[in-house]
Amino acid sequence: MMNPLYWLEVRVRAREKRLWMLALFLVVTLTIIGGCVLALEAIHDLSTEPLTIGETLTWSVLFCQAGLLVILAPLATAGRISQEREQRTLAALINSPASAPRIALGKLWGAWTFVIWLGLLVLPFLFVATLWGGPSWKLIVGCVGLNLLAGLVLSALSLGISGLFGRSLTAYLVTGTFLFGWIAILPLIGSLVLSLVQDQDPAFHEYIMYLTMYFNPFFPLITLTESYADLELSGLALPLVYGIGIWILLGIGSLGIAMRSLKREVY
Numbered sequence: 002m003m004n005p006l007y008w009l010e011v012r013v014r015a016r017e018k019r020l021w022m023l024a025l026f027l028v029v030t031l032t033i034i035g036g037c038v039l040a041l042e043a044i045h046d047l048s049t050e051p052l053t054i055g056e057t058l059t060w061s062v063l064f065c066q067a068g069l070l071v072i073l074a075p076l077a078t079a080g081r082i083s084q085e086r087e088q089r090t091l092a093a094l095i096n097s098p099a100s101a102p103r104i105a106l107g108k109l110w111g112a113w114t115f116v117i118w119l120g121l122l123v124l125p126f127l128f129v130a131t132l133w134g135g136p137s138w139k140l141i142v143g144c145v146g147l148n149l150l151a152g153l154v155l156s157a158l159s160l161g162i163s164g165l166f167g168r169s170l171t172a173y174l175v176t177g178t179f180l181f182g183w184i185a186i187l188p189l190i191g192s193l194v195l196s197l198v199q200d201q202d203p204a205f206h207e208y209i210m211y212l213t214m215y216f217n218p219f220f221p222l223i224t225l226t227e228s229y230a231d232l233e234l235s236g237l238a239l240p241l242v243y244g245i246g247i248w249i250l251l252g253i254g255s256l257g258i259a260m261r262s263l264k265r266e267v268y
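Residue 2 is where the sequence shown starts when you use the working numbering, and the numbers rise one by one after that.
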């Protein structure tokens with residue numbers, strides 16, 4: 002990792018108080034959720050099986066990690082290129098020996114470092130949860146990996162959006178709007194369509210699912226949750242691969258947009 006822009010990005014992020022506040026927010030949230038789960042289990046039934054406590058804690062931590070990464074990862078990356086325009090420092094970067102791809106990759110790797118660090122903060126909580134039993138470590142590692150992948154893709158996506166707009170505020174607003182549409186609006190539209198055309202051919206229902214739900218950032222985690230419950234998932238293998246493939250294409254396309262926006266800067 003010899004890209005100087007990467008190390009610059011890491012140093013800048015290490016000095017930003019808001020990113021430390023995000024990490025603290027994640028840890029405090031997980032602590033509160035874990036405490037609430039233990040308290041509710043103790044109050045509800047003192048004879049609760051330890052396995053039930055372990056399962057509840059594990060899935061609570063994993064879904065909390067997914068939700069916070071999906072929200073915090075893109076918002077912590079949005080505006081990284083537009084900030085350089087506002088601070089009049091982008092010209093110096095463009096005219097330096099670093100090429101546009103090198104600049105974009107440096108900023109992307111810096112964002113990914115933050116996402117990975119933020120995602121790994123859940124490991125102590127997962128370790129404590131597994132002391133009571135619950136899902137296997139293979140399943141837990143798979144869920145953590147999918148959550149991290151979603152965060153990495155969303156970071157790349159927000160970096161691409163940042164390259165398209167000249168103001169950081171606009172980049173933040175567009176990123177938040179896109180995120181809301183992807184996570185909430187598309188599944189809502191899909192659910193409405195499916196409820197209105199219940200008598201249609203099953204192939205049409207599957208088509209709607211591919212268009213609106215299978216590439217949702219939470220879908221792979223929900224799929225692995227169902228696999229732990231020993232439900233029939235043979236028909237979900239292809240949608241799972243499809244969803245992850247869409248993620249990867251979005252990430253690659255967003256990185257290309259960021260590089261292209263840097264190449265178009267003329268001074």
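Don't be surprised by glycine CBs; every beta carbon is placed ideally from N, CA and C.
From a predicted model like this one, the values you see are computed outputs, not experimental measurements.
Residues near residue i in its chain [Cβ-Cβ closer than 8 Å; skip 5 each side]
i	result
L23	L73, A77 and L119
W183	N217 and P218
I249	V154
F179	L158 and I162
P51	W133 and G134
I190	T213
Rounded straight-line distance, which links the Cα of residue j to that of residue i
i	j	result
W113	D202	42 Å
G164	S262	5 Å
V62	F205	35 Å
G143	L127	13 Å
T53	T224	20 Å
F166	N148	28 Å
I34	A101	43 Å
As assigned by DSSP and simplified to three states, the class of residue i
i	result
E1	Any property of residue 1 remains undetermined from this structure, which presents the chain solely from 2 to 268.
R261	helix
R168	coil
V123	coil
W248	helix
F219	coil
L132	coil
S163	helix
N148	helix
S156	helix
S137	coil
S100	coil
V267	Because the pLDDT at V267 is just 46, under 50, the model does not fix this residue reliably, and the point stays unresolved.
For residue j and residue i, believed in contact at Cβ under 8 Å, the rounded distance
i	j	result
M260	A105	5 Å
L7	A79	According to the sequence displayed, residue 7 carries Tyr and not Leu. Not confirmed; about 19 Å, so no contact.
L27	L122	6 Å
L221	L241	Inspection of the sequence shows that residue 221 is occupied by Pro rather than by Leu. Between L241 and P221 the Cβ distance is about 6 Å, and since that is below 8 Å, they are a contact.
T32	A130	The pair is not a contact, with the Cβ atoms about 13 Å apart (cut-off 8 Å).
Residue i: first and last residue of the uninterrupted alpha helix (DSSP H) it sits in
i	result
P51	P51 to T78
F205	P203 to T213
V194	L187 to L197
Spatial neighbours of residue i in its chain, beta-carbon cut-off 7 Å, leaving aside the 5 residues before and after
i	result
N4	R103, L106, G107 and W110
R14	L20, G111 and F115
V11	G111 and T114
Sequence-distant residues of the same chain with beta carbon closer than 6 Å to residue i, five excluded per side
i	result
G252	V154 and A157
T176	P75, A79, S159 and I162
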